[in-house]
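Colleague: One line per chain: the protein sequences are A and B, in this order. Sequential numbering of the first sequence, starting at 3, is according to the numbering used here. Sequential numbering of the second sequence, starting at 3, is according to the numbering used here. Note that CB positions come from ideal geometry on N, CA and C, so glycine has one too. What follows is a structure written as structure tokens; I'll ask about it next.
2 protein chains.
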Amino acid sequence: MADRYANFANSGLGRTVVKRLGLPDPPRLRRYRPGDPLVSGPVLLGAAPGGRLSGEVGKLLESAGVTVAESGAAGTKYAALVFDATGIGDSEQLRALFDFFQPYARSLTGCGRVIVLGTPPEAAAGPREATAQRSLEGLTRSIGKEFGRGTTSQLVYVAPGGEQAVESTLRFLLSGRSAYVSGQVIRIGAGSASAPADWDKPLDGKLALVTGAARGIGAAIAATLARDGAEVIALDVPGAGDALADVANKARGRALQLDLTAADAAERLAGYLSAGPHAGVDIVVHNAGITRDKTIARMDASRWDSVIGVNLTAPERVNDLLLERGLVTPGGRIVGVASIAGIAGNRGQTNYATSKAGVIGLVQSTAPILAAKDITINAVAPGFIETAMTAKMPIGLREAGRRLNSMSQGGLPIDVAETIAWFASPGSATITGNVVRVCGQSLLGA
Amino acid sequence: MADRYANFANSGLGRTVVKRLGLPDPPRLRRYRPGDPLVSGPVLLGAAPGGRLSGEVGKLLESAGVTVAESGAAGTKYAALVFDATGIGDSEQLRALFDFFQPYARSLTGCGRVIVLGTPPEAAAGPREATAQRSLEGLTRSIGKEFGRGTTSQLVYVAPGGEQAVESTLRFLLSGRSAYVSGQVIRIGAGSASAPADWDKPLDGKLALVTGAARGIGAAIAATLARDGAEVIALDVPGAGDALADVANKARGRALQLDLTAADAAERLAGYLSAGPHAGVDIVVHNAGITRDKTIARMDASRWDSVIGVNLTAPERVNDLLLERGLVTPGGRIVGVASIAGIAGNRGQTNYATSKAGVIGLVQSTAPILAAKDITINAVAPGFIETAMTAKMPIGLREAGRRLNSMSQGGLPIDVAETIAWFASPGSATITGNVVRVCGQSLLGA
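Below, the structure is given as structure tokens:
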């Protein structure tokens, strides 16, 4: 799991060698620790004329203790450049982006943040506005590739009427919680979201179920949700044994041994959840997943069936039964785990990519239905994450996966977990149907 | 413009060297020549139980002179594997894909074709079906990366009620016209489309305007639309001079010198089109585009303004005025030219990527409005295309762009032109709002 090259590149000697030879230069990413301030410097906040978000954003940042500058000063280093582009109604007005970003492109601190706020093209007043708003995506993705030094760059579309629901997302994106999330397009829907009493414990009082929790990304999800205040049920197959118990203990939660592909699994899970004192569950994270890689020419049917069964059919069945029984509470959160392979496809992974593209389909098709029940459903799509699984890859593939992204390094399980915790926050009530990649802005895509 | 490596790799000695050293192996792609048969071997056609397309597809392929096999035979080489997946209503039924593709994964001829037909997830009967249909994307993209040897792999979503409108797309995808199009998701809407009298001259009697036509991709578009029967107006800036005249002459069309960024350009173009005997135009291809690359930190405002102006604002103005004056005929076709950079973003191209993402926005936001006028609007998004522009790239970047795709080579201007000609076909009447990449399934994406 160790990225020895990154450790070397960040050593005294390594810095010199990397610079001289023009080698990949993976910065040390700023990751969140409880108690950290949101950002470690002032935030420059700009807006195109007529925008509807910068006022609200300025207020919430200031009340979060952030120093907000509304006009830039030469020589100042900013922790973030935030631009409200909702006032842009026409391609000619895109010039406001250039005017804001150009003078301060070199004024960001390391691991800085670029956030552009826009109106979802589908909610724009007409084609001219929709076109200009859609073009923001080209800007933010290019900036993510250009700025480097751990800078992340995102486009956040806020539906008209969603102005009061942006805080959880801004906090996530500004903080070290989103260290490995870049080049993403996030949609916040209309409506309001209640702020948690304590932004460092946003999940206080919530009960969370995490599948595949015994190791790797699942263990990090369990630990992170617990850190954020949730009571965690860590679920894994009976064979996971001690590892699962360890995770549950560390999270001060419960371990639940269950093979989700068993015919009666959903029924047993429903029974378990309805028997508890909570009578239901607030957060469901479908993390359990397997790979059985082979080219399709060499694949046997069991590899196909098991991957589809664990990664896709099991979450479908669990969702269907829990929802039918009313066991996901109002205000509930369901999160799926997709993958870059489900977006881009991958050689040797027809089964896995099919299952993970299906997870995206599950999220997108279920979101409108669950909205009526005040439940959100979203997915993360991890790129190259440092786990026991990726440590076993052949070195050529592993190094390519690690370096071919804007961070020149792999992500950590915690990065996936933080993104899930953001979806799970009470503040994310109007975020649904999103698929957010946790990939350091990998070059790979579709 | 020459890909010397590909020429070498396809030489007698080169084949041996490439195999021994495991070097990239760019196959010679099968490209269309008038009179070519659709495919050079039998097509294996399968279906999941309950599908609504394979009957129609079998009939149209047979009437196009294709030998269709409905069950595979060991040892036979197939030119294409076509699978109707519309009957798949649940993730467990995805097994039908494995059962169809696994035994014949090695039975495709070089430059073979994989086509999976599905139901658009948004038109599915419920979340289970939508999820399964969405997962088809993971399969087709993985197959594209896995099969190699010039195989292309696509997912074609056919809306319920669009069964009679699939022929132009199947012909495009099976033929050498789509040599460099792979890993794409195409949506065919409900409704019917009239077959052209002659599939080798589908644009007979149509008047087509091509901007930026003097060279490169624009010249290929003009030539290809003319080859397919259209009368072509080749437009470029006055400075293009002889090159433009040459293109127009070769296409037996007209040259029109006009700077589209001039304040009165749209007005002058409208005047030109309304004065002609045709009183309007049937096909408008917004190909004119420029790059002015710099990182945003080093960019001056004129680079920003000119790129947005030429690539995005000019097409918007032309569309708006031509549509307002009724100068795009009913049955008309508008095609924009986006770019991989507009999808993935690119270092040094904040201006270009913004403009090209905008072209995608233009297409997506205008399509529903134009549907009422029986006009379609779509975009191509080229990847690495061998042109004078890419020939000037530094060798490292150029070779990366050329090889990092499923074809291990760059595309040709004709590949972009063929895709535009398919959009322009009378048979593509229900295809609108699509963005199709012409990139050999580049690894780069979003």
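Give a yes or no on whether 8 angstroms exceeds the smallest Cβ distance from A:K79 to chain B.
Modeller: Reading the first sequence from its first residue, position 77 is the one you call residue 79 of chain A. No, because no Cβ of chain B sits closer than 8 angstroms to the Cβ of A:K79.
Colleague: Take every Cβ of the region 370 to 379 of chain A, pair it with every Cβ of the region 136 to 154 of chain B, and state whether three or more of those distances are shorter than 8 angstroms.
Modeller: no
Colleague: Going by DSSP, what residues sit across from A:D376 in a beta bridge?
Modeller: By 1-based counting over the first sequence, the position of residue 376 of chain A is 374. For A:D376, which the question treats as bridged, DSSP gives no partner whatsoever.
Colleague: What's the C-alpha gap between B:G43 and A:D302?
Modeller: Against the second sequence, residue 43 of chain B aligns to sequence position 41. Against the first sequence, residue 302 of chain A aligns to sequence position 300. If you take the alpha carbons of B:G43 and A:D302, they lie about 28 angstroms apart.
Colleague: With three or more C-beta pairs closer than 8 angstroms as the rule, is the region 211 to 227 of chain A touching the region 20 to 40 of chain B?
Modeller: No: the two stretches stay apart, fewer than three of their Cβ pairs being nearer than 8 angstroms.
Colleague: Using three-state DSSP, classify A:A210 as helix, strand or coil.
Modeller: Start at 1 with the first residue of the first sequence, and residue 210 of chain A comes out as number 208. Looking at A:A210 - three-state DSSP - the assignment turns out to be strand.
Colleague: If you compare alpha carbons, which of B:A277, B:A232, B:R270 and B:A215 is closest to B:V249?
Modeller: As a working note, residue 249 of chain B is residue 247 in the second sequence. Per the Cα distances, B:A215.
Colleague: Identify every residue that forms a DSSP beta bridge with B:A71.
Modeller: As a first step, residue 71 of chain B is located in the second sequence; it is residue number 69 there, counting from the start. Note: B:A71 sits in a beta bridge opposite B:L46.
Colleague: Can you name the residues that DSSP bridges to B:A383?
Modeller: Within the second sequence, numbered from 1, the residue matching residue 383 of chain B stands at position 381. Its beta-bridge partners are B:R439.
Colleague: Could one say the Cβ of B:S144 lies closer than 8 angstroms to chain A's Cβ atoms, at least one of them?
Modeller: One-based indexing of the second sequence puts residue 144 of chain B at position 142. It does: the Cβ of B:S144 has a partner Cβ on chain A nearer than 8 angstroms.
Colleague: Just the Cα atoms here: how many angstroms apart are B:I223 and A:E94?
Modeller: What you label residue 223 of chain B is simply residue 221 of the second sequence in a count that begins at 1. What you label residue 94 of chain A is simply residue 92 of the first sequence in a count that begins at 1. Computed Cα separation, rounded: 28 angstroms.
Colleague: Nearest by alpha-carbon distance to A:L176: which of A:N289, A:P428 and A:T421 is it?
Modeller: For this step, residue 176 of chain A is matched to residue 174 along the first sequence. The shortest Cα separation from A:L176 among A:N289, A:P428 and A:T421 belongs to A:T421.
Colleague: Which word fits B:V19, buried or exposed, when buried means at least 16 other C-beta atoms lie within 10 angstroms of its C-beta?
Modeller: Here residue 19 of chain B is taken as the residue at index 17 of the second sequence, counted from 1. B:V19 is exposed by the Cβ-count criterion.
Colleague: Chain B beta carbons: is any one of them nearer than 8 angstroms to that of A:N289?
Modeller: By 1-based counting over the first sequence, the position of residue 289 of chain A is 287. Put simply, the CB of A:N289 is far from chain B, with every gap to its CB atoms at 8 angstroms or more.
Colleague: How big is the Cα-Cα spacing for A:K208 and A:P122?
Modeller: One-based indexing of the first sequence puts residue 208 of chain A at position 206. One-based indexing of the first sequence puts residue 122 of chain A at position 120. Annotation: A:K208 to A:P122 spans about 31 angstroms, alpha carbon to alpha carbon.
Colleague: Mapping DSSP to helix, strand and coil, what is A:A236?
Modeller: For the purposes of this step, residue 236 of chain A is identified with residue 234 of the first sequence, where counting begins at 1. Here A:A236 sits in strand by DSSP.
Colleague: Please state whether DSSP places A:A257 in a helix, a strand or coil.
Modeller: As a working note, residue 257 of chain A is residue 255 in the first sequence. If DSSP states are grouped into helix, strand and coil, A:A257 belongs with the strands.
Colleague: Note the first and the last residue of the continuous beta strand (DSSP E) segment covering B:T392.
Modeller: Taking the second sequence and counting its residues from 1, one reaches residue 392 of chain B at position 390. It is not in any beta strand (DSSP E) - B:T392 instead sits in the alpha helix (DSSP H) that spans A390 to A393.
Colleague: DSSP three-state call for B:T133: helix, strand or coil?
Modeller: Position 131 of the second sequence, counting from 1, holds the residue named residue 133 of chain B. Helix.
Colleague: Hey, is the region 337 to 345 of chain A in contact with the region 277 to 288 of chain A, meaning 3+ C-beta pairs nearer than 8 angstroms?
Modeller: Yes, the region 337 to 345 of chain A touches the region 277 to 288 of chain A.
Colleague: Going by the CB atoms, is the gap between A:A82 and A:L119 shorter than 8 angstroms?
Modeller: The residue labelled residue 119 of chain A in the question sits at position 117 within the first sequence. The residue labelled residue 82 of chain A in the question sits at position 80 within the first sequence. No, these two residues do not count as a Cβ contact at 8 angstroms.
Colleague: Is there a Cβ of chain A sitting closer than 8 angstroms to that of B:E64, yes or no?
Modeller: In the second sequence, residue 64 of chain B corresponds to position 62, counting from 1. No - not a single Cβ of chain A is within 8 angstroms of the one on B:E64.
Colleague: Considering A:S308, what are the terminal residues of the alpha helix (DSSP H) in which it resides?
Modeller: The residue you call residue 308 of chain A lines up with position 306 of the first sequence. Where A:S308 is concerned, the enclosing alpha helix (DSSP H) stretches over A303 to I310.
Colleague: Excluding the 5 residues preceding and the 5 following B:G185 in the sequence, name in chain order all residues of the same chain whose CB lies nearer than 6 angstroms to its CB.
Modeller: Counting from one through the second sequence, the residue named residue 185 of chain B turns up at place 183. Excluding residues within five positions, the ones whose Cβ falls inside 6 angstroms are R143, G146 and Q443.
Colleague: Between the beta-carbon of B:G282 and the beta-carbon of B:L329, is there less than 8 angstroms?
Modeller: Locating residue 282 of chain B in the second sequence gives position 280, where the first residue counts as 1. Locating residue 329 of chain B in the second sequence gives position 327, where the first residue counts as 1. Yes, the pair counts as a contact, with Cβ atoms nearer than the cut-off.
Colleague: With a threshold of 8 angstroms between beta-carbons, can B:N407 be considered close to chain A, or not?
Modeller: Here residue 407 of chain B refers to the residue found at position 405 when the second sequence is read from its first residue. So no, B:N407 is outside the interface.
Colleague: In angstroms, rounded to a whole number, what distance separates the CA positions of B:T153 and B:G114?
Modeller: Residue numbering aside, residue 153 of chain B sits at position 151 when the second sequence is read from its first letter. Residue numbering aside, residue 114 of chain B sits at position 112 when the second sequence is read from its first letter. Their backbone Cα atoms lie some 5 angstroms apart in a straight line.
Colleague: How would you write the range of the alpha helix (DSSP H) that B:S170 sits in, first residue to last?
Modeller: By 1-based counting over the second sequence, the position of residue 170 of chain B is 168. Counted as a single uninterrupted DSSP element, the alpha helix (DSSP H) harbouring B:S170 occupies residues E169 to L176.
Colleague: Quick check on B:V41: does DSSP put it in helix, strand or coil?
Modeller: The sequence position of residue 41 of chain B within the second sequence is 39, counting from 1. Three-state DSSP puts B:V41 in coil, outside helix and strand.
Colleague: Whose Cβ in chain B lies nearer than 7 angstroms to the Cβ of A:K358?
Modeller: Counting from one through the first sequence, the residue named residue 358 of chain A turns up at place 356. Within chain B, the residues near A:K358 are G140.
Colleague: Is A:G363 near B:Q135, with beta carbons less than 8 angstroms apart?
Modeller: For this step, residue 363 of chain A is matched to residue 361 along the first sequence. For this step, residue 135 of chain B is matched to residue 133 along the second sequence. In contact: A:G363 and B:Q135 (Cβ atoms closer than 8 angstroms).
Colleague: Give me the residue from A:D417, A:V361, A:A126 and A:V116 with the minimum Cα distance to A:G53.
Modeller: Here residue 53 of chain A refers to the residue found at position 51 when the first sequence is read from its first residue. For A:G53, the closest alpha carbon among the candidates A:D417, A:V361, A:A126 and A:V116 is that of A:A126.
Colleague: Counting only Cβ pairs nearer than 7 angstroms, list the residues of chain B close to A:Q351.
Modeller: Taking the first sequence and counting its residues from 1, the one referred to as residue 351 of chain A is at position 349. Here the neighbours are S144.
Colleague: Measuring straight from C-alpha to C-alpha, what distance separates B:W306 and A:L47?
Modeller: Within the second sequence, numbered from 1, the residue matching residue 306 of chain B stands at position 304. Within the first sequence, numbered from 1, the residue matching residue 47 of chain A stands at position 45. Between B:W306 and A:L47, the C-alpha separation is close to 21 angstroms.
Colleague: Are any of the Cβ atoms in chain B nearer than 8 angstroms to that of A:L467?
Modeller: An answer regarding residue 467 of chain A cannot be provided, because it is not within the stretch 3 to 448 covered by chain A.
Colleague: May I ask you to report which of helix, strand or coil DSSP gives B:P332?
Modeller: Along the second sequence, read from residue 1 onward, the residue named residue 332 of chain B stands at position 330. Three-state DSSP puts B:P332 in a strand.
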